[in-house]
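*Asks:* Letter by letter, the sequence shown follows residues 256 to 581 of our numbering. Glycine included, every Cβ here is placed at the ideal spot set by N, Cα and C.
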Amino acid sequence: MAERSAIEWCDGTVNFWWGCTKVGPGCDNCYAEDYNNFRGNKQWGPNTERREIKGAPALIQKMQRSAAAFQAENGRPLRIFMQSMSDIFDNEANDELRAKLFDHAAAADGLRIIMLTKRISNVAKMVPAAWRENWPRHIGLMVTVVTQREAERDLPRLLELKRLFGIPWVGVSIEPMQEPMTLRDLRVGKFLLNAMTGEWSYMHRMMLANLPERLPGLDWVIVGGESGKNARPIHPEWVRKLKRECEGRAAFLFKQWGEWAPDNDLHPAVRANFIKRRVEKRELNRDPSAFASVQLEIMTMYRVGKHAAGRTLDGRTYLNFPMGLQ
Ligand code: SF4
């Protein structure tokens, strides 16, 4: 549990419990599990008891009391990430603890709360009944996906929840990005869904009757590369493509390159220093499966570490937030 957070897109975190189970490729290098192990705890995996954090209610109440002063000082609300050390919608979390979390989150309406899950299919059955009718206006919902297949599986569900429950804003965190992706042409059965606009296009007109004509679109897209010892590089064009898809539609936040930085986003002196030190380097080629019509340049990536790699994309920083967090 931390009052302040190093995570770029929030000011602090609150955890009502620690512990989780890995559910997909995005969990491979779970920082929460690493930190939990580092602390000598054992709360990861199936049939493992999650650890209650008893100070969480007092912490969120304290944050709520400081929210007005924070707003006055910074000209924006205090952004809090709930459950950075677990997944709120984990099947194995204790239901009473989850109910307590929802109660405290709903009461802390001076904060702007970010809930992030990899278990979007559990959301409708686990949130309080009152939220289905009247979702708290200060709470947004995000899903993490790291492959195109996961995006096609989870984003239509997220947008449908936004429509049904009136969630004020929703977003997607694509971190660590594992392959080139699009959010504009999600294949959902025989349909294509543009997650930025919520519009369907379809191959069999008759079947559209079974679908809502349109879903609301995404409000926020966060993209980041991988860190950790087995981290793989991401091609800058993967990131640029998502940035372009967000233009005029959703707030785009580029969180980090991760372990590997592209040649063109390193300061020349820094690059020269890394070359001199013979840091590992890789050349990324065009990926014909995802960008058949786009000739990607060959990009040289250097393994410089997360901090040196930073988060500038073509010399610019993208740290944008949706309206609900401004
Ligand atoms: S869902 Fe999140 S907290 Fe749980 S194992 Fe995966 S990355 Fe870690």
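Does any residue of chain C bring its CB to less than 9 Å from the CB of N377?
*Replies:* Looking for chain C here will not work: only one protein chain is present.
*Asks:* Which runs of the alpha helix (DSSP H), 4 residues or longer, sit entirely within the stretch 385–418?
*Replies:* List check, alpha helix (DSSP H) in window: nothing returned.
*Asks:* Looking at E492 and A564, is the spacing between their C-beta atoms short of 9 Å?
*Replies:* No. Outside cutoff.
*Asks:* Starting from E538, follow the beta strand (DSSP E) in both directions and report where the run begins and ends.
*Replies:* Run containing E538: 536–539, per the beta strand (DSSP E) assignment.
*Asks:* Quick check on DSSP: helix, strand or coil for V278?
*Replies:* Note: V278 maps to coil in three-state DSSP.
*Asks:* Compute the Euclidean distance between the alpha carbons of M554 and N540, then round it to the nearest angstrom.
*Replies:* Near 7 Å, if we compare the C-alpha coordinates of N540 and M554.
*Asks:* Excluding five sequence neighbours on each side, which residues of the same chain lie with their C-beta closer than 6 Å to the C-beta of R367?
*Replies:* Only P332, R334, H393, L580 meet the Cβ criterion.
*Asks:* Buried or exposed: where does A450 fall if 16 or more other Cβ atoms within 10 Å of its Cβ makes it buried?
*Replies:* With 16 or more other Cβ atoms within 10 Å, it is buried.
*Asks:* With a cut-off of 8 Å, do at least 3 Cβ pairs link the stretch 287–307 to the stretch 363–383?
*Replies:* Not touching, per the Cβ criterion.
*Asks:* Output the boundary residues of the alpha helix (DSSP H) element that contains W493.
*Replies:* That run of the alpha helix (DSSP H) goes 491–501.
*Asks:* Could you please give the first and the last residue of the uninterrupted alpha helix (DSSP H) stretch that includes K380?
*Replies:* Element bounds for K380: 378–381.
*Asks:* Decide if P488 is buried, meaning its Cβ has at least 16 other Cβ atoms within 10 Å, or exposed.
*Replies:* It counts as buried.
*Asks:* Any chance you could list the alpha helix (DSSP H) runs of at least 4 consecutive residues sitting entirely within the stretch 547–581, in chain order?
*Replies:* Runs of the alpha helix (DSSP H) inside the stretch 547–581: 561–564.
*Asks:* If you measure between the beta carbons of M436 and K496, is that distance less than 9 Å?
*Replies:* Contact flag set, yes.
*Asks:* State the CB to CB distance for the pair D342 and K373, rounded to an integer number of angstroms; the pair is presumed to be in contact (CB under 8 Å).
*Replies:* Their Cβ separation, rounded to whole angstroms, is 6 Å, which keeps D342 and K373 in contact under 8 Å.
*Asks:* How should T276 be labelled, buried or exposed, when 16 other C-beta atoms within 10 angstroms of its C-beta is the threshold for buried?
*Replies:* Label assigned to T276: buried.
*Asks:* Counting pairs of beta carbons, one from the stretch 386–400 and one from the stretch 412–420, are three or more of them closer than 8 Å?
*Replies:* Contact between the stretch 386–400 and the stretch 412–420 is present, because at least three Cβ pairs lie under 8 Å.
*Asks:* Quick one: does the C-beta of S428 sit closer than 8 Å to a heavy atom of ligand 1?
*Replies:* Result no, Cβ not under 8 Å from ligand 1.
*Asks:* Are the stretch 275–289 and the stretch 401–410 in contact at 8 Å, needing three or more beta carbon pairs?
*Replies:* Yes: the two stretches touch, three or more of their Cβ pairs being nearer than 8 Å.
*Asks:* Mind checking A516: buried by the 16 CB within 10 Å criterion, or exposed?
*Replies:* Classification of A516: buried, given that the 10 Å Cβ count is 16 or more.
*Asks:* Given the structure, does W424 come close to ligand 1, in the sense that its CB is under 8 Å from one of the ligand's heavy atoms?
*Replies:* Because no heavy atom of ligand 1 lies under 8 Å away, the Cβ of W424 does not count as near it: no.
*Asks:* Among all residues, which have a Cβ less than 5 Å from at least one non-hydrogen atom of ligand 1, and in what chain order do they fall?
*Replies:* Spelled out in chain order, the answer is C275, K277, C282, C285, A287, D342, K373.
*Asks:* Leaving out the 5 sequence neighbours to the left and right, which residues in its chain are closer than 6 Å to A322 when beta-carbon positions are compared?
*Replies:* Excluding positions up to five away in sequence, the list reads L333, G365, L366.
*Asks:* From this set, I530, K531, D345, W512, which residue's C-alpha is nearest G570's C-alpha?
*Replies:* Checked all of I530, K531, D345, W512; the closest Cα to G570 is W512.
*Asks:* Could you check whether P411 and L438 sit closer than 9 Å to each other, using their CB atoms as the reference points?
*Replies:* Cβ distance not < 9 Å, so L438 and P411 don't count as in contact.
*Asks:* Give the single residue among E535, G483, V425, H562 whose Cα lies nearest to the Cα of F507.
*Replies:* Checked all of E535, G483, V425, H562; the closest Cα to F507 is V425.
*Asks:* For F344 versus N377, is the C-beta distance shorter than 9 Å?
*Replies:* Against a cut-off of 9 Å, the Cβ pair of N377 and F344 comes out as a contact.
*Asks:* May I have the straight-line CA-CA distance separating L448 from A261, to the nearest angstrom?
*Replies:* Distance between the alpha carbons of L448 and A261 is about 34 Å.
*Asks:* Skipping 5 residues on each side, what residues in its chain have a beta carbon closer than 7 Å to that of N270?
*Replies:* Closer than 7 Å at Cβ, skipping near neighbours: M256, I308, A311, Q338, S339, M340, S341.
*Asks:* So what does DSSP say about N485, is it helix, strand or coil?
*Replies:* In the structure shown, N485 sits in coil (DSSP, three-state: anything other than H, G, I, E or B).
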